[in-house]
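Chemist: Below are the structure tokens for one structure; questions will follow.
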Amino acid sequence: MRTLRFLLRKEFLQLFRDRLVLVMLFVMPIAQLLLMANAATFEVRDARLYIVDMDHSTTSRGLVEHLLASGRFVARGSSESMSLADASMNRREVDAILGIPRGLEQDIVAGRPTAVQVVLNAEDGAAAGVTQSYAAQIVDTYVRDAGARLRPPTRALAGGGAAAAPIEMARSAWYNPELVYRDFMIPGVLVVLVTIVGTLLTALNIVREKEAGTLDQLNVTPIGKATFIAAKLIPLWLLSFVVLSMGLGIARIVFDLPMRGSILVVFFAAALYLLGALGIGLWISTMAETQQQALFVSYSIMLVYLLMSGLFTPVRSMPIWAQWIAQVSPVMHFTALMRAVLIKGAVVADVQRELILLATIGACVLALGVWRYRKRAN
Amino acid sequence: MPAGGTRLGALRSFMLKEVRHLLRDRQTLLILLLLPLAQVIVFGFAMRTDINDVRIAFVDPVPDALTLALRGRFAGSGQFTEVAVLPGTRELEDVFRRGDADAALIFEPGFADRIGRHESGKLMLVTDASDPNTASRIQAYASAVVTAYGASLGSSSLGSSALVPPVEVRGRMRYNPTLESVNLFVPGLIALVLTLVSALMSAISLSREKERGTLEVLLVSPIRPWQIILGKVLPYLVLALANVGTALLAARVVFGVPMRGSLALLLGASLVYSLVGLALGVLIAARTSSQRAAMLGAMVGTMMPSTLLSGMVFPIASLPGWLQLVTVVIPARWFIVIVRGIMLRGVGLTELWMEMTVLAVMLAVLLAAAIRSFSARLGNQ
Numbered sequence: 008m009r010t011l012r013f014l015l016r017k018e019f020l021q022l023f024r025d026r027l028v029l030v031m032l033f034v035m036p037i038a039q040l041l042l043m044a045n046a047a048t049f050e051v052r053d054a055r056l057y058i059v060d061m062d063h064s065t066t067s068r069g070l071v072e073h074l075l076a077s078g079r080f081v082a083r084g085s086s087e088s089m090s091l092a093d094a095s096m097n098r099r100e101v102d103a104i105l106g107i108p109r110g111l112e113q114d115i116v117a118g119r120p121t122a123v124q125v126v127l128n129a130e131d132g133a134a135a136g137v138t139q140s141y142a143a144q145i146v147d148t149y150v151r152d153a154g155a156r157l158r159p160p161t162r163a164l165a166g167g168g169a170a171a172a173p174i175e176m177a178r179s180a181w182y183n184p185e186l187v188y189r190d191f192m193i194p195g196v197l198v199v200l201v202t203i204v205g206t207l208l209t210a211l212n213i214v215r216e217k218e219a220g221t222l223d224q225l226n227v228t229p230i231g232k233a234t235f236i237a238a239k240l241i242p243l244w245l246l247s248f249v250v251l252s253m254g255l256g257i258a259r260i261v262f263d264l265p266m267r268g269s270i271l272v273v274f275f276a277a278a279l280y281l282l283g284a285l286g287i288g289l290w291i292s293t294m295a296e297t298q299q300q301a302l303f304v305s306y307s308i309m310l311v312y313l314l315m316s317g318l319f320t321p322v323r324s325m326p327i328w329a330q331w332i333a334q335v336s337p338v339m340h341f342t343a344l345m346r347a348v349l350i351k352g353a354v355v356a357d358v359q360r361e362l363i364l365l366a367t368i369g370a371c372v373l374a375l376g377v378w379r380y381r382k383r384a385n
Numbered sequence: 005m006p007a008g009g010t011r012l013g014a015l016r017s018f019m020l021k022e023v024r025h026l027l028r029d030r031q032t033l034l035i036l037l038l039l040p041l042a043q044v045i046v047f048g049f050a051m052r053t054d055i056n057d058v059r060i061a062f063v064d065p066v067p068d069a070l071t072l073a074l075r076g077r078f079a080g081s082g083q084f085t086e087v088a089v090l091p092g093t094r095e096l097e098d099v100f101r102r103g104d105a106d107a108a109l110i111f112e113p114g115f116a117d118r119i120g121r122h123e124s125g126k127l128m129l130v131t132d133a134s135d136p137n138t139a140s141r142i143q144a145y146a147s148a149v150v151t152a153y154g155a156s157l158g159s160s161s162l163g164s165s166a167l168v169p170p171v172e173v174r175g176r177m178r179y180n181p182t183l184e185s186v187n188l189f190v191p192g193l194i195a196l197v198l199t200l201v202s203a204l205m206s207a208i209s210l211s212r213e214k215e216r217g218t219l220e221v222l223l224v225s226p227i228r229p230w231q232i233i234l235g236k237v238l239p240y241l242v243l244a245l246a247n248v249g250t251a252l253l254a255a256r257v258v259f260g261v262p263m264r265g266s267l268a269l270l271l272g273a274s275l276v277y278s279l280v281g282l283a284l285g286v287l288i289a290a291r292t293s294s295q296r297a298a299m300l301g302a303m304v305g306t307m308m309p310s311t312l313l314s315g316m317v318f319p320i321a322s323l324p325g326w327l328q329l330v331t332v333v334i335p336a337r338w339f340i341v342i343v344r345g346i347m348l349r350g351v352g353l354t355e356l357w358m359e360m361t362v363l364a365v366m367l368a369v370l371l372a373a374a375i376r377s378f379s380a381r382l383g384n385q
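Here the protein sequences come in this chain order: A and B.
Counting with this note's numbering, you get residues 8 to 385 for the letters of the first sequence.
Counting with this note's numbering, you get residues 5 to 385 for the letters of the second sequence.
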């Protein structure tokens, strides 16, 4: 125990002496959180629109005005030629083309089915998908109103009475009624930050001693393997908590992230999660001889795990084999838990599966790291 | 001053030394060669945004013929799986909090009776919007199912003339009709891998020599600073281009990603972009004092902006105005436009001259700065 205390003191001194580590621990996470919270969005405000209106009717002009008034689109060109519009998109001057066919108004009046075309530059796939759904919604409501306006209601029902749609569907988006993407993203970003700090710093910290040769010095002392590893991991484990708390504070104060559930559950889960994250760092440090190697191994492992853990794309959209890989990823369970607790207000009973899995994975990975670590002389 | 011939000889042996360094560290080399491959496969198979299996719960307190029929429609659509039928909304909250369902459809009692009386049957679609993108997509899917069902009810009971004519909104995705995610990510991926290999690797390798003091030895030798930089940089350049090749090949063979424009132009642009990255790496190494500082600098200075502010994942148009201005100085932003333009739109230099010019100017400025910072160092010693 006494040895552990001395070693811990050494580790803390080393950590706080190193200005770079402090930058990595405190400045980088904050900068990253601020940046990502602002950058990580698929919402497109001013899609540049090219208008090909072949109808020239009150209805078609109304449709264009309606689209522009939504604030989602700005007009950047118009003509009657689809090929001119196409060329303009090819030069990246516009993001979307609205094609209104000749006779749109007449078709609506006569009750003939007709179609409005929306062409999108799908080079930027995410943006294209979002822009299309804006356009579809706006066109849809406008055309429905126009249809109701243009066609006399007496034709609608033979038996008299109001022309009621057979089914009316109301919509309600729980937990995030405004569909704010940031609220979804920030818990994920916090997971990324804690993971980078935990895994990368652990790996680099140990490998650096390897490179400097001080690890050999420690290895020839009677300090036990467990004591050494505990002394290495405890400070980083604690510091990761500090990073997480800072991140949560910023999320709350700056970005007004809802926190409906208990923060204690989040911290308890983080404690379990960090066992795994630090364990991976320890395991990487046993494989790498240089800091460069440690960095690249960490980068590869983290990239795969972070991308496949539902941070950005839903896990359930992945093929089955990828979903199985994600199952053993602590990142996925921790992200799911953070979102459930913070956004949905889940209690321990709701997330017990995640907690158990986090504990199991954490214990296994840590055990693997400890087992692989050798007190050997080079 | 040594003669030109010897100088070139020095450059050659210096480059050989670098190549040996690179080849000796098998582990790093293996990672660098396999990383692009692994990334293309992970991106292509796993990063999907299409939603094909929505777990839906029904709150159907008094089931009748029509609610059962509509539930059947959902199950038969292929996009929805029924996970629970609940008696009330209170149970629904538990299901959502546990994350057992993505959406729920709430029927009001007497659904069929109302429709029988020519009144509107009332429904409420609830989505778990803790993932807002998925939620809005589920809303669209569910509306389509309900609208189709409503139309079938309308045509059977009222006659089709009673319905407002459906004006269809026909969306067409130019350049990537199926919104294949791999088509979108591969260009970004190429940029990311090139940044990793050129900027990060060169920064680390140079700063390692600095840390160990071997750079001082090189600096006092007759090799000129630009030769040191060139010798350092060329092996990584080859590696970077090899990576572009692997990534393109994997994308083409495994996923059939299109290559509509000129491959030569793409390789040329990759070369310029790698040189930009290498110059940045050299600059970072010259300005930092340790390997770890260089790593950190390269991560924060190149990798982060290349991922977040380049339009690779998140569209630039959705950034706040001041961040859009920041993206102008990020090389990856321009490079990704070029790669996407060549691969997906199939355009050439006529359309991409501006992006190419920006990259070339960046290269000139960074290269000058890198060489200068090295010469200045030499003077200080």
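Just so it is clear, CB atoms sit at the ideal spot from N, CA and C, and this is done for glycine as well.
1. So L129 (chain B) is in the beta strand (DSSP E); what residue range does that whole segment cover?
2. Given a cut-off of 7 Å on the beta-carbon distance, is the pair A46 (chain A) and F318 (chain B) in contact?
3. Write down the C-beta distance between V214 (chain A) and A301 (chain A) rounded to the nearest angstrom, noting that I regard them as a contact closer than 8 Å.
4. Between G352 (chain B) and chain A, is the shortest Cβ-Cβ distance under 7 Å, so that the two count as touching?
5. What does E355 (chain B) touch in chain A if you count any residue whose Cβ is under 8 Å from its own?
6. Between the Cα of R55 (chain A) and the Cα atoms of A:S90, A:R98, A:G69, A:E18, which residue gives the shortest distance?
7. For Q295 (chain B) and L207 (chain A), I'd like the C-alpha separation in whole angstroms.
8. Please list, in chain order, the chain B residues whose beta carbon lies closer than 9 Å to that of G352 (chain A).
9. By a C-beta neighbour count over all protein chains shown, 10 Å radius and 16 as the cutoff for buried, is Q83 (chain B) buried or exposed?
10. By how many angstroms is the C-alpha of I368 (chain A) removed from the C-alpha of L375 (chain A)?
11. Which same chain residues, not among the five before or five after Q43 (chain B), have their C-beta less than 6 Å away from its C-beta?
12. Let me know the secondary structure DSSP gives E22 (chain B) once reduced to three states.
13. Let me confirm a value: W290 (chain A) is counted as buried when at least 16 other C-beta atoms fall within 10 Å, else exposed. Which label applies?
14. Chain B partners of E72 (chain A), CB-CB under 9 Å?
15. For A364 (chain B) and V280 (chain B), what's the separation of their Cα atoms in angstroms?
16. For chain A, find out if any of its Cβ atoms is closer than 7 Å to the Cβ of G48 (chain B); answer yes or no.
17. Output the boundary residues of the beta strand (DSSP E) element that contains F84 (chain B).
18. Can you give the beta carbon distance from D135 (chain B) to P321 (chain A), rounded, assuming they're within the 8 Å contact cut?
19. Interface residues of chain A around L312 (chain B) at Cβ under 8 Å?
20. Buried or exposed: where does A103 (chain A) fall if 16 or more other Cβ atoms within 10 Å of its Cβ makes it buried?
21. Just verifying my parser: in three-state terms, what is the DSSP assignment at G48 (chain B)?
22. Could you tell me which residues DSSP pairs with D223 (chain A) in its beta bridges?
23. So that I know if they touch, is there some Cβ in chain B lying closer than 7 Å to that of A244 (chain A)?
24. For S307 (chain A) and V201 (chain A), what's the separation of their Cα atoms in angstroms?
25. Mark R379 (chain A) as exposed unless 16 or more other C-beta atoms lie within 10 angstroms of its C-beta, in which case mark it buried.
26. List, in order along the chain, the chain B residues whose C-beta lies closer than 7 Å to that of E50 (chain A)?
27. Which residue from A:V372, A:R346, A:A366 puts its Cα closest to that of F100 (chain B)?
28. Give the secondary structure of A169 (chain A) by DSSP, where H, G and I count as helix, E and B as strand, and everything else as coil.
29. Whose C-alpha, out of A:A129, A:T66, A:V187, is nearest the C-alpha of T48 (chain A)?
30. Which residues in the same chain have their Cβ closer than 6 Å to the Cβ of A166 (chain B), if we skip the five residues on either side of it in sequence?
31. Identify the contact partners of I55 (chain B) in chain A, using a Cβ-Cβ distance below 7 Å as the criterion.
32. Which residues of the region 241-258 of chain B have a Cβ closer than 8 Å to any Cβ of chain A? Give them in chain order.
33. If contact is defined by three or more beta carbon pairs under 8 Å, each pair taking one atom from either stretch, is the region 244-255 of chain B in contact with the region 30-40 of chain B?
34. Hey, is the region 264-279 of chain A in contact with the region 348-357 of chain A, meaning 3+ C-beta pairs nearer than 8 Å?
35. Can you pull the chain B residues whose beta carbon is under 7 Å from the beta carbon of L302 (chain A), in chain order?
36. Whole-angstrom Cβ separation of L197 (chain A) and L279 (chain A), contact assumed at under 8 Å?
Modeler: Let me lay it out:
1. For L129 (chain B), the uninterrupted beta strand (DSSP E) run begins and ends at 125-132, by DSSP.
2. Cβ atoms of A46 (chain A) and F318 (chain B): closer than 7 Å.
3. 4 Å
4. False, the Cβ-Cβ gap to chain A never drops below 7 Å.
5. N97, R98, R99
6. Considering only alpha carbons, the answer is A:R98.
7. Straight-line Cα distance between these residues: approximately 14 Å.
8. For G352 (chain A), the C-beta contacts it makes with chain B under 9 Å involve R101, in order along the chain.
9. With 16 or more other Cβ atoms within 10 Å, it is buried.
10. 10 Å
11. For Q43 (chain B), where only same-chain residues beyond five positions count, the Cβ hits under 6 Å are L193.
12. helix
13. buried
14. What E72 (chain A) touches in chain B: nothing, since even the nearest Cβ is about 17 Å away.
15. Their Cα atoms are separated by approximately 8 Å.
16. no
17. 84-90
18. 7 Å
19. L42, M43, A46, A47
20. buried
21. helix
22. Its beta-bridge partners do not exist; DSSP assigns none.
23. According to the sequence shown, residue 244 (chain A) is Trp rather than Ala. Chain B, which has no Cβ nearer than 7 Å to the Cβ of W244 (chain A), makes this no.
24. S307 (chain A) and V201 (chain A) have their C-alpha atoms spaced approximately 17 Å apart.
25. exposed
26. S322
27. A:R346
28. Because A169 (chain A) sits at a pLDDT of 42, beneath the cut-off of 50, its placement in the model cannot be relied upon, and the following sentence gives the value as read from the coordinates. It is coil, neither helix nor strand.
29. A:V187
30. At A166 (chain B), the pLDDT of 43 sits below 50, so the modelled position is not reliable and the matter cannot be decided from this model.
31. P321, S324
32. none
33. Contact between the region 30-40 of chain B and the region 244-255 of chain B is present, because at least three Cβ pairs lie under 8 Å.
34. Look at the beta carbons and you see the region 264-279 of chain A touching the region 348-357 of chain A: at least three pairs across the two are nearer than 8 Å.
35. What L302 (chain A) touches in chain B: M299.
36. Beta-carbon to beta-carbon, L197 (chain A) and L279 (chain A) are separated by about 15 Å, too far to satisfy the 8 Å threshold.
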